[in-house]
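Counting from 0, one number per residue, gives the positions in the sequence shown under numbering that gives the first Met the number 0.
Even glycine gets a Cβ: it sits at the ideal position worked out from N, Cα and C.
Only a predicted model underlies this, so the values are computations on that prediction, with no experimental measurement involved.
Beneath this line is the structure, given in structure tokens, with notes to follow.
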Amino acid sequence: MPFNNKKSSAQHSHQQDQLTKYLSQHEGCMSQSQLEGFIFAISCCPDSHIGNSWQHQVLPKVQLQDASSVSCQLIGILDDLFSHTQQQVLDLTYQLPINCIPDANAISNFLPSSSFHQWSLGFMRGYLLTYELWRSFLTAEDHQDFSTAVFILGFFADQTIAEEVCQENNLGNFTKFCLLLLTKIPEAIDTVNRFSLDLHHAITAIEAPSASRNR
């Protein structure tokens, strides 16, 4: 599957513009690209195992219980973005957002100004929130494929760690290895999408009998 080259709907774009403006004007918030990666990672897991605490990581200075119109609007936009992304994951159609496409210069993707670096950083933050759930779900057979996909998607989050991994594992020329990983990103996203769909089905099957008994 190629990188995403489709534009969002007008409503979705307007909401993103509102959120981007707020994020850029308030210290401590994630960048828009970091948010995109973060939302993708957490939306791979069912709502019942995520809760709402993640919203505070995105908007640390917004009181989640605040009834003000601005707070409610921001939380609503976040919820819509989460639902929109999760639906793409479950439809196996999620792709890297067009504003987060990697630069052809592999090393540039480690720069703080790189939107893909920010996406990768956000993805790893979100994945760490869901790590325990994935650890309990993945079988030994699946672990390698999933871990490889996570490795690829999170590789550009930290250049120092990336260089250490290459050196410790004798992965050859660092720049060439980075270029190789860039070609693997669409496949890695497809892998995460597929495992996420399986995770949702597995948890739904577990929770459905319990929900029926509680009626």
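Helix, strand or coil: how does DSSP classify residue i here?
| i | result |
| --- | --- |
| Ile49 | coil |
| Ala103 | coil |
| Ser70 | helix |
| Glu26 | coil |
| Gln94 | coil |
| Gly121 | helix |
| Asn192 | helix |
| Met0 | Note that Met0 scores 39 on pLDDT, short of 50, meaning its location in the model is unreliable and no value can be drawn from it. |
| Pro185 | helix |
| Asn108 | helix |
| Ser42 | helix |
| Gly36 | helix |
| Leu127 | helix |
| Ser113 | coil |
| Glu163 | helix |
| Thr84 | helix |
| Gly75 | helix |
| Leu198 | helix |
| Leu180 | helix |
| Leu58 | coil |
| Leu89 | helix |
Roughly how far, in whole angstroms, is the beta-carbon of residue i from the beta-carbon of residue j, given that I think they are within contact range, below 8 Å?
| i | j | result |
| --- | --- | --- |
| Thr159 | Ile41 | Not a contact, Cβ separation roughly 25 Å. |
| Pro101 | Leu181 | 5 Å |
| Leu34 | Gly121 | 6 Å |
| Phe155 | Asn108 | 5 Å |
| His48 | Ile202 | 7 Å |
| Ser32 | Ser82 | No, Ser32 and Ser82 are not in contact; Cβ-Cβ is about 20 Å, not under 8 Å. |
| Leu77 | Val57 | 6 Å |
| Ile151 | Lys183 | 5 Å |
| Cys43 | Ser195 | 4 Å |
| Ile106 | Cys177 | 7 Å |
Buried or exposed: residue i, going by 16 or more other Cβ atoms within 10 Å of its Cβ?
| i | result |
| --- | --- |
| Lys6 | Any reading at Lys6 must be qualified, since the residue scores a pLDDT of 46, below 50, and its modelled position is unreliable; the value itself is stated next. Looking at its Cβ environment, which holds fewer than 16 other Cβ atoms inside 10 Å, Lys6 is exposed. |
| Cys71 | exposed |
| Thr219 | No answer is possible for residue 219: it lies beyond the span of the chain, which begins at 0 and ends at 214. |
| Asn220 | Beyond the ends of the chain as shown, which are 0 and 214, falls residue 220; an answer cannot be given. |
| Asn172 | exposed |
| Leu127 | exposed |
| Arg124 | buried |
| Pro111 | exposed |
| Ile97 | exposed |
| Gly36 | buried |
| Ile38 | buried |
| Ser119 | buried |
| Gln17 | exposed |
Using a beta-carbon distance below 9 Å, is residue i in contact with chain D?
| i | result |
| --- | --- |
| Trp118 | No chain D appears in this structure, which consists of one protein chain only. |
Handout entry: Sequence ranges, alpha helix (DSSP H) only - wholly within the segment 130-160, length at least 4
Key = 139-153
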